[in-house]
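Report on one structure; see the data block that follows.
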Amino acid sequence: MAGKRSKRRRASKTMAARADRHDLYQRSVQEPEVDVEFAVDTFRAEFGRRPYRLREDFCGTAALCAAWVREHHSNRAWGVDLDPETMKWGRRRNIDPLPGGPRRRVELTCGDVREVAPEPVDVVMAQNFSYFLFEQRGDLLGYFRAAHRNLRHDGLLILDAYGGPDSIRRVEEATEYDDFTYVWDQDDFDPITQRATCYIHFDFPDGSRLERAFTYLWRMYTIPEIRDLLADAGFSASDVYWEGTDSNTGEGDGLYTVQEHGEADEAWVCYIVGIKR
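Sequential numbering of the sequence shown, starting at 740, is according to the working numbering.
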C-alpha cells in the first residue's frame, strides 16, 4: 500500500540561493589581468626593468596573485587578507587549479596587512578601493608605512581610487551580465565624516536577489589626501594615472596616463602610484 506522505514536490532553490557570491564578484568587478599589465608596464617605465615579486594586500580570493604568476615563469606572489573564508575559497578556486610551478610561487597569509611582513617585493597592490576601510587618517598612514617597508628599494605601491559627484550620492546602479545583474548600491553618505555605506547585490532572471552579498563601510578619501599620506609615509613621489576619454562615446577608454589635472567627471576611477626609491 502506498504511503500517505505528501506527494508535493519540493520547491527548487532560487538562482540567488544557488549563487556563489565570490564567483559573481570576480566576474563583475575584477579584471586581474588588466591590473597585472598596468603594474608591469608602470614599473618598467619607472625603473627600466620588469618586476617579478608582487604582494596583493586585501587579496580576498587572490585572483590578482593567480594572474601574476601566470604572467611570467619567474613571477612570485604573496597575498594577505583578514578573511579566512574568502581566502579558503580563493585557494580552492584560483590557486589550486594552477599548474604546479605557478601554484608553488603563490603564498597566502591570513592576517593584518599592517603586520604581516613576508619578503620584500617589487610591487604592492591594494585594489578595489580596499584601503578605504581605514576610516582614521592615522590608520591609513600606518598602512602606507607598512607597504613602504614591504617594498624593495625601487618599488611601487599601486592603489586605485574613485570619486566624483556620483560617488557621494545615494544611488543604485545596475549592470547586466548574461545570467545575472550586478547592482552597486550607495546606500548612505555622511558629508561631515566622508563615511559611505555601500552594498553589492545580485539580481537573477528568476526574480530572486542575493541581497547585500558584500557590504562596505568606507571613508571616501580624496586624491590629495592620499598623496599627502603617501609622502608622510616615506614615498619619494606619487603619480596619478587618469583614464582617457573615447572621442566617439564620451566614456572612459581604459587607457591610463600620468596627469597632474583631471576632468570634472560625474564619476571617475584612477590609479595612484606611490614610488619608493
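For each residue, glycine too, the CB sits at the ideal point set by N, CA and C.
Continuous alpha helix (DSSP H) stretch holding residue i: start and end
{"i": "residue 789", "result": "First-last for residue 789: undefined, no H or E at that position."}
{"i": "residue 977", "result": "That residue, residue 977, is in no alpha helix (DSSP H); its beta strand (DSSP E) goes 976–984."}
{"i": "residue 967", "result": "962–971"}
{"i": "residue 829", "result": "823–829"}
{"i": "residue 809", "result": "802–810"}
Residue from the options with nearest C-alpha to residue i
{"i": "residue 969", "options": "926, 1013, 943", "result": "1013"}
{"i": "residue 766", "options": "898, 911, 877, 919", "result": "919"}
{"i": "residue 935", "options": "943, 941, 926", "result": "926"}
{"i": "residue 898", "options": "959, 881, 863, 887", "result": "863"}
{"i": "residue 932", "options": "876, 800, 751", "result": "876"}
{"i": "residue 870", "options": "819, 860, 994, 905", "result": "819"}
{"i": "residue 917", "options": "987, 941, 895, 825", "result": "941"}
{"i": "residue 764", "options": "813, 828, 791", "result": "828"}
{"i": "residue 787", "options": "831, 775, 893, 770", "result": "893"}
{"i": "residue 775", "options": "861, 751, 849, 758", "result": "861"}
{"i": "residue 847", "options": "824, 762, 895", "result": "824"}
{"i": "residue 956", "options": "977, 814, 924, 755", "result": "924"}
{"i": "residue 905", "options": "801, 1007, 799", "result": "1007"}
{"i": "residue 993", "options": "915, 770, 921, 758", "result": "770"}
{"i": "residue 858", "options": "891, 958, 826, 883", "result": "891"}
{"i": "residue 868", "options": "797, 884, 986, 756", "result": "797"}
{"i": "residue 831", "options": "989, 945, 762", "result": "762"}
{"i": "residue 752", "options": "909, 1005, 943, 811", "result": "943"}
{"i": "residue 728", "options": "758, 851, 839", "result": "Here the chain covers residues 740 to 1016 and nothing more, so residue 728 does not appear."}
{"i": "residue 914", "options": "768, 987, 989, 772", "result": "768"}
{"i": "residue 997", "options": "977, 989, 987, 773", "result": "977"}
Expected contact under 8 Å - CB spacing of residue i and residue j to nearest Å
{"i": "residue 948", "j": "residue 938", "result": "Between residue 938 and residue 948 the Cβ distance is about 11 Å, and since that is not below 8 Å, they are no contact."}
{"i": "residue 873", "j": "residue 907", "result": "Their Cβ separation, rounded to whole angstroms, is 18 Å, which puts residue 873 and residue 907 out of contact at 8 Å."}
{"i": "residue 889", "j": "residue 856", "result": "6 Å"}
{"i": "residue 754", "j": "residue 945", "result": "5 Å"}
{"i": "residue 1004", "j": "residue 903", "result": "5 Å"}
Contacting residues, own chain, Cβ-Cβ under 7 Å from residue i (five flanking each side not counted)
{"i": "residue 1002", "result": "none"}
{"i": "residue 816", "result": "793, 795, 804, 807, 808, 844, 845"}
{"i": "residue 745", "result": "Residue confidence is low: residue 745 scores 48 on pLDDT, short of 50, so the model does not pin down where it sits. Its coordinate-derived value is still stated next. So the list is empty, once near-sequence residues are dropped."}
{"i": "residue 743", "result": "Annotation note: pLDDT 46 at residue 743 (below 50); position unreliable, coordinate value reported separately. No residues qualify anywhere along the chain."}
{"i": "residue 880", "result": "968, 971, 972"}
{"i": "residue 833", "result": "800, 801, 802, 805"}
{"i": "residue 853", "result": "881, 882, 885"}
Range covered by the beta strand (DSSP E) that runs through residue i
{"i": "residue 941", "result": "934–942"}
{"i": "residue 953", "result": "948–958"}
{"i": "residue 848", "result": "845–849"}
{"i": "residue 892", "result": "890–902"}
{"i": "residue 913", "result": "910–915"}
{"i": "residue 757", "result": "That residue, residue 757, is in no beta strand (DSSP E); its alpha helix (DSSP H) goes 754–757."}
{"i": "residue 1009", "result": "1007–1015"}
{"i": "residue 1004", "result": "Run containing residue 1004: none; DSSP gives neither H nor E here."}
{"i": "residue 856", "result": "Run containing residue 856: none; DSSP gives neither H nor E here."}
Opposing strand residues paired with residue i [DSSP bridges]
{"i": "residue 763", "result": "Residue 763 is not bridged to any residue."}
{"i": "residue 919", "result": "Paired residue(s): none; residue 919 is not in a bridge."}
{"i": "residue 928", "result": "935"}
{"i": "residue 991", "result": "984"}
{"i": "residue 884", "result": "Note: residue 884 sits in no beta bridge, so no partner."}
{"i": "residue 796", "result": "819"}
{"i": "residue 852", "result": "According to DSSP, residue 852 bridges with nothing at all."}
{"i": "residue 996", "result": "981"}
{"i": "residue 862", "result": "793, 895"}
Close-in-space but distant-in-sequence residues of the same chain around residue i (CB under 8 Å, 5 per side omitted)
{"i": "residue 809", "result": "837, 841"}
{"i": "residue 1009", "result": "899, 900, 901, 962, 979, 980, 981, 982, 995, 1001"}
{"i": "residue 975", "result": "1014, 1015, 1016"}
{"i": "residue 930", "result": "907"}
{"i": "residue 985", "result": "991, 992"}
Own chain partners of residue i with C-beta closer than 6 Å, once the 5 adjacent residues on each side are dropped
{"i": "residue 760", "result": "952"}
{"i": "residue 965", "result": "1011"}
{"i": "residue 813", "result": "791"}
{"i": "residue 896", "result": "863, 886, 1013"}
{"i": "residue 783", "result": "789"}
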